[in-house]
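For the sequence shown, full-length UniProt numbering begins at 3 and goes up steadily by one. Using N, Cα and C, we set each Cβ at its ideal position, and we do this for glycine too. This one's a predicted model, so the numbers in the text were calculated from it and none came from an experiment.
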Amino acid sequence: CRIVVLISGSGSNLQAFIDTLHARQADIVAVISNRADAFGLERAARAGIPGAVLDHREFADRATYDQALAALIDTHAPDLVILAGFMRILTSEFVQHYQGRLLNIHPSLLPKYTGLHTHRRALEAGDREHGATVHFVTEELDGGPAIMQSHVPVLADDTPDTLAARVRDTEHRLYPLAAMLYVSGRLRLEDGQACLDGTP
Ligand code: GRF
């Protein structure tokens, strides 16, 4: 299975993929960032994975960028495309092109808190628990069918940062696990639903 990972920043989720499934169940054949200073590119280089930068500021609009991005991704002929902190909204054309083979992780218990600042919003709402969701990407922002979620408690003295760190630790187990299910052929998008073999 050939995987392309898209990042914009630290790439700690990318690192989890490198540590758990790369060169075992699957090959991460490329890491693409829209930012040249993304630390994840360094992680890719250390693992011997080709990295590329496609800077959105060099494109006239979102549609043109997404076309170039898809063209670049497709040179690697991936079976699966993983969004790992790729901080861009994608066009419908892009999403449709990768329908059923595009995954994202979002740091909230979706459908709660789509978009940004999820940890702060969970704290402000007084939530007792919080977490992360891996989902298939559809045209609705953070709205695609959920595959699996991690749950963490919200503690009395949490700040957005401490809560984010607790959630992120779970992401690093959750996301590779979901990807492994996909790689092994047990997980697919069917009739707009995440379908996992072995469940009713
Ligand atoms: C994670 O919090 C993830 O849920 C969100 O972006 C962040 C990426 O972090 N989509 P990292 O770059 O993988 O460290």
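Original post:
Do you know how far the Cα of Ala-47 is from the Cα of Ala-73?
Top reply: For the purposes of this step, residue 73 is taken as the residue at position 71 of the sequence shown. For the purposes of this step, residue 47 is taken as the residue at position 45 of the sequence shown. Roughly 22 Å separates the two Cα atoms.
**OP:** If I'm right that Asn-106 touches Val-154 with Cβ under 8 Å, what's the distance once you round it to whole angstroms?
**Re:** Mapped onto the sequence shown, residue 106 falls at position 104. Mapped onto the sequence shown, residue 154 falls at position 152. Contact doesn't hold; Cβ gap of about 19 Å is too wide.
Original post:
Would you say residue 224 touches the ligand GRF, meaning its beta carbon is less than 7 Å from a heavy atom?
Top reply: Residue coverage of the chain in this structure runs from 3 to 202, which leaves residue 224 outside it and unanswerable.
Original post:
Should His-78 be listed as close to the ligand GRF, given that the test is whether its C-beta is under 7 Å from any heavy atom?
Top reply: Numbered from 1 along the sequence shown, position 76 holds the residue referred to as residue 78. His-78 has its CB no nearer than 7 Å to any heavy atom of the ligand GRF.
Original post:
Beta carbon of Gly-87: closer than 7 Å to some heavy atom of the ligand GRF?
Top reply: Counting from one through the sequence shown, the residue named residue 87 turns up at place 85. Gly-87: yes, Cβ under 7 Å from the ligand GRF.
Original post:
Taking the C-alpha atoms as reference points, what is the distance between Gln-195 and Arg-188?
Top reply: For this step, residue 195 is matched to residue 193 along the sequence shown. For this step, residue 188 is matched to residue 186 along the sequence shown. Each residue's CA atom was taken as its position, placing Gln-195 and Arg-188 some 13 Å apart.
Subject >> Contacts around Asp-57, its chain only, beta-carbon distance under 8 Å, and the 5 residues preceding and following it disregarded >> reply: Taking the first residue of the sequence shown as 1, we reach residue 57 at position 55. A distance below 8 Å between beta-carbons, with the five flanking residues on each side excluded, links Asp-57 to the following residues of its chain, in chain order: Asn-36, Arg-37 and Ala-38.
**OP:** Could you tell me whether any non-hydrogen atom of the ligand GRF is closer than 7 Å to the CB of Asn-15?
**Re:** The count along the sequence shown starts at 1 and reaches residue 15 at position 13. Using a cutoff of 7 Å, the CB of Asn-15 counts as near the ligand GRF, since one of the ligand's heavy atoms is closer than that.
Subject >> Which of helix, strand or coil DSSP assigns to Gln-101 >> reply: Position 99 of the sequence shown, counting from 1, holds the residue named residue 101. The DSSP-derived three-state label of Gln-101 is coil.
**OP:** For the beta strand (DSSP E) holding Glu-192, just list the boundary residues, first then last.
**Re:** By one-based count along the sequence shown, residue 192 stands at place 190. That run of the beta strand (DSSP E) goes 189–192.
**OP:** Go ahead and pull the three-state DSSP assignment for Leu-135.
**Re:** The residue you call residue 135 lines up with position 133 of the sequence shown. As written in the sequence, residue 135 is Thr, which differs from the Leu given in the question. Secondary structure of Thr-135 (DSSP, three-state): strand.
Original post:
Is the beta carbon of Val-156 sitting closer than 8 Å to the one on Leu-125?
Top reply: Mapped onto the sequence shown, residue 156 falls at position 154. Mapped onto the sequence shown, residue 125 falls at position 123. The answer is yes: Cβ separation under 8 Å.
**OP:** Kindly indicate which residue of Val-55, Glu-131 and Gly-145 has the alpha-carbon position closest to the one of Ser-94.
**Re:** Here residue 94 refers to the residue found at position 92 when the sequence shown is read from its first residue. Closest option to Ser-94, Cα to Cα, is Gly-145.
**OP:** Entirely within the stretch 43–93 and at least 3 residues each: give me those beta strand (DSSP E) ranges in chain order.
**Re:** DSSP runs (the beta strand (DSSP E)) wholly in the stretch 43–93: 53–55 and 82–85.
Original post:
What residue range is occupied by the uninterrupted alpha helix (DSSP H) comprising Ala-181?
Top reply: Here residue 181 corresponds to residue number 179 of the sequence shown, with the count starting at 1. In the DSSP assignment, Ala-181 falls within the unbroken alpha helix (DSSP H) covering 162–185.
Original post:
Taking the C-alpha atoms as reference points, what is the distance between residue 1 and Leu-176?
Top reply: With the chain represented from 3 up to 202, any question about residue 1 goes unanswered, as that position is not in the structure.
Subject >> Closer than 7 Å: His-119 CB and nearest the ligand GRF heavy atom >> reply: Looking up residue 119 in the sequence shown gives position 117. No, since every heavy atom of the ligand GRF falls outside the 7 Å radius drawn around the Cβ of His-119.
Original post:
When burial is assigned at 16 or more other CB atoms within 10 Å of the CB, is Asp-199 buried or exposed?
Top reply: For the purposes of this step, residue 199 is taken as residue 197 along the sequence shown, with counting starting at 1. It is exposed - the Cβ of Asp-199 has fewer than 16 other Cβ atoms within 10 Å.
Original post:
Is it true that the CB of Pro-80 sits closer than 8 Å to the CB of Ile-5?
Top reply: The sequence position of residue 5 within the sequence shown is 3, counting from 1. The sequence position of residue 80 within the sequence shown is 78, counting from 1. Against a cut-off of 8 Å, the Cβ pair of Pro-80 and Ile-5 comes out as a contact.
Original post:
Just to check, is the beta-carbon of Gly-133 closer than 7 Å to a non-hydrogen atom of the ligand GRF?
Top reply: Here residue 133 refers to the residue found at position 131 of the sequence shown. No.
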